[in-house]
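Written below as structure tokens is the structure these notes are about.
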Amino acid sequence: MIDMETKETVTSTWATGAGPLPVPWDMRAGVRAWWTPNRPPPGANDPSVRPTEEHPRPVLLLHAFMSNQSFNFQAGAPFLRNHGYCVFTMNWGKPRWAGRFDVPFQGNDDLTRSAEQLAAEVERIKKLTGVPKIDLVGHSGGGGLLMQYYLNVLDGYPNVDKAVSIAPSNHGVSFSTLTYVFRNVAPRSYHLMARKLFPLCDQGAVDSEMIERIYGRGDTRPGPKYTVIMTQHDQIVTPYTKAFLKGDNVTNILLQDGCPEDFSEHASIIYNERAWLHVRNALDPDNAQPVPAFRVDPYFPGWK
Numbered sequence: 029m030i031d032m033e034t035k036e037t038v039t040s041t042w043a044t045g046a047g048p049l050p051v052p053w054d055m056r057a058g059v060r061a062w063w064t065p066n067r068p069p070p071g072a073n074d075p076s077v078r079p080t081e082e083h084p085r086p087v088l089l090l091h092a093f094m095s096n097q098s099f100n101f102q103a104g105a106p107f108l109r110n111h112g113y114c115v116f117t118m119n120w121g122k123p124r125w126a127g128r129f130d131v132p133f134q135g136n137d138d139l140t141r142s143a144e145q146l147a148a149e150v151e152r153i154k155k156l157t158g159v160p161k162i163d164l165v166g167h168s169g170g171g172g173l174l175m176q177y178y179l180n181v182l183d184g185y186p187n188v189d190k191a192v193s194i195a196p197s198n199h200g201v202s203f204s205t206l207t208y209v210f211r212n213v214a215p216r217s218y219h220l221m222a223r224k225l226f227p228l229c230d231q232g233a234v235d236s237e238m239i240e241r242i243y244g245r246g247d248t249r250p251g252p253k254y255t256v257i258m259t260q261h262d263q264i265v266t267p268y269t270k271a272f273l274k275g276d277n278v279t280n281i282l283l284q285d286g287c288p289e290d291f292s293e294h295a296s297i298i299y300n301e302r303a304w305l306h307v308r309n310a311l312d313p314d315n316a317q318p319v320p321a322f323r324v325d326p327y328f329p330g331w332k
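Heads up: the sequence shown begins at 29 in the working numbering, then just goes up one per residue.
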């Protein structure tokens with residue numbers, strides 16, 4: 029185990045080629061940015077940046093359910109940009125009833141419509157950068173239901189080389205069984221909230237028709253290399269093992285296997301430096317390095 033005093037020295041070995049963008053490993057940076065959903069995080073959507081010989085594919089980051097690009101990737105976007113990647117972000121799943129209002133809680137519209145948004149963005153990025161394939165990195169609903177619908181149902185897999193998921197909602201979620209409670213205790217409210225206002229809530233339930241549509245013919249498709257990065261402290265995807273995929277082209281990673289003192293949970297994992305070191309390995313496996321073990325507090329450093 030590496031203590032916090034030596035953590036900076038150890039992780040600095042990963043900083044070769046790192047750029048000038050600050051990387052806040054603190055979820056408070058995302059909370060502050062949540063209110064500006066249409067402002068890309070630092071390092072993303074820069075029109076002057078293109079893929080390089082070292083990193084020939086652009087990376088598209090997909091935010092979580094009830095989130096947006098600005099909240100999710102205040103750390104991940106500058107981290108990847110500092111290491112030479114061409115980074116894109118997008119908002120998906122804006123509720124249709126919001127109209128022209130820039131609501132911060134996105135990622136909750138009908139999944140079929142959201143996946144079409146993703147498909148259009150992939151094609152736009154391919155055309156813009158002149159590449160045949162891109163890499164996808166998604167968190168929660170972005171790395172689970174949205175990404176897998178695009179790959180499996182819309183047959184987007186020929187367009188993707190690496191599919192990296194962080195705490196993904198694979199195989200449906202129960203919110204620690206709250207979905208079942210809500211359905212039975214307040215069925216009318218459930219119908220309004222989960223089916224009318226935020227339809228992805230119901231579509232993402234473990235026993236939904238949508239789950240069968242996405243995973244019914246197998247978790248993966250040939251071509252992409254899949255990586256799932258998960259925490260055992262996840263309270264949304266329960267049990268946490270549901271996040272893992274099955275397939276010959278899959279690598280499933282549990283953060284606590286490499287560090288028992290990694291206490292990140294479903295939301296804070298996206299601001300976990302160790303998680304993004306695993307992402308970097310997944311995007312560039314030929315240059316992968318061991319991810320060091322150091323304590324990771326939930327939500328923000330120094331949490332007590």
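Note that beta-carbon positions come from the ideal geometry of N, C-alpha and C, so glycine has one too.
In or out: Pro86 buried (at least 16 other Cβ within 10 Å) or exposed? Classification of Pro86: buried, given that the 10 Å Cβ count is 16 or more.
His294 to Leu156, Cα distance in whole Å? Rounded to whole angstroms, the gap between the alpha carbons of His294 and Leu156 is 33 Å.
Do you know how far the Cα of Ile298 is from the Cα of Leu282? In this structure, the straight-line span from the alpha carbon of Leu282 to that of Ile298 is close to 14 Å.
Chain-order list of residues whose beta-carbon lies under 7 Å from that of Gly105 (same chain, five-residue window excluded): Note on identity: in this sequence residue 105 is Ala, with Gly being the wrong assignment. Counting only Cβ-Cβ distances below 7 Å, and skipping sequence neighbours, we find Pro69, Pro70, Gly71, Ala72, Leu89, Val115 and Thr117.
Opening and closing residue of the beta strand (DSSP E) in which Phe116 lies: Val115 to Met118 is the span of the beta strand (DSSP E), which, as asked, contains Phe116.
Just checking, does the segment 266-280 make contact with the segment 57-69 on the three C-beta pairs under 8 Å criterion? Output reads no: the segment 57-69 does not touch the segment 266-280.
So is Pro250 buried or exposed if we call it buried at 16+ other beta carbons inside 10 Å? Classification for Pro250: exposed.
Residues near Tyr178 by beta carbon distance below 7 Å, same chain, minus five either side: Non-local beta-carbon contacts of Tyr178 in its own chain, meaning distances under 7 Å to residues more than five positions away in sequence, involve Ala143, Leu146, Ala147 and Gly184 in chain order.
Would you mind reading off the limits of the alpha helix (DSSP H) that contains Asn110? Its alpha helix (DSSP H) spans residues Gly104 to Asn110.
Less than 8 Å separating the beta-carbons of Ala92 and Ser193? Taking 8 Å as the Cβ cut-off, Ala92 and Ser193 do not qualify as a contacting pair.
Pairwise C-alpha distance: Pro326 and Cys287: Pairing Cys287 with Pro326, the inter-Cα distance amounts to about 14 Å.
Return the first residue and the last residue of the alpha helix (DSSP H) that Val150 is part of. Unbroken alpha helix (DSSP H) run through Val150: Leu139 to Thr157.
Using beta-carbon positions only, say whether Thr248 and Asn277 come within less than 8 Å of one another. Pairing Thr248 with Asn277 gives a Cβ-Cβ distance under 8 Å.
Any Cβ of chain B within less than 8 Å of the Cβ of Leu146? Protein chains in the displayed structure number just one, and chain B is not present.
Out of Phe129, Thr255, Lys190 and Asp235, point me to the one whose CA is closest to Pro160's CA. When only C-alpha atoms are compared, the closest one is Lys190.
Name the two residues that bound the continuous beta strand (DSSP E) containing Val256. Taken as a continuous stretch (DSSP letters only), the beta strand (DSSP E) holding Val256 covers Lys253 to Met258.
Spatial neighbours of Asn300 within its chain, please: CB distance less than 6 Å, with the 5 preceding and 5 following residues excluded, ordered by chain position. These residues qualify, in order along the chain: Ser292 and Val324.
Among Asn100, Arg56 and Gly112, nearest to His83 - alpha-carbon criterion: Of the candidates Asn100, Arg56 and Gly112, the one whose C-alpha sits nearest the C-alpha of His83 is Gly112.
For Ser76, count neighbouring Cβ atoms within 10 angstroms of its own Cβ and tell me buried if that reaches 16, exposed if not. Here Ser76 is exposed. Its C-beta has fewer than 16 other C-beta atoms within 10 Å.
Can you name the residues that DSSP bridges to Ala72? Answer is Val115, bridged to Ala72.
Under 8 Å between the Cβ atoms of Asp261 and Val234? In the sequence under discussion, the amino acid at residue 261 is His, which differs from the Asp named in the question. No, Cβ-Cβ distance for His261 and Val234 is not below 8 Å.
By alpha-carbon positions, which one of Phe101, Gln284 and Lys154 ends up nearest to Ala61? Residue nearest to Ala61 within the set Phe101, Gln284 and Lys154 is Phe101 (criterion: CA-CA distance).
Residues near Gly244 in its chain [Cβ-Cβ closer than 6 Å; skip 5 each side]: Contacts found: none.
Threshold first: 4 residues or longer. Then list the alpha helix (DSSP H) segments lying entirely within the segment 291-331, N to C. Within the segment 291-331, the complete alpha helix (DSSP H) segments of 4 residues or longer fall at 301-311, listed in chain order.
Proximity to Asp285 [Cα-Cα], best of Gly158, Cys229, Pro318 and Gly121: Considering only Gly158, Cys229, Pro318 and Gly121, the residue with the shortest C-alpha distance to Asp285 is Pro318.
Quick one: what does DSSP say Pro48 is sitting in, helix, strand or coil? Three-state DSSP puts Pro48 in coil, outside helix and strand.
Roughly how many angstroms separate the alpha carbons of Arg308 and Ala271, rounded to a whole number? Rounded to the nearest angstrom, the two C-alpha atoms are 20 Å apart.
If you run the structure through DSSP and keep just helix, strand and coil, what is Val165? DSSP places Val165 in strand when its eight states are reduced to three.
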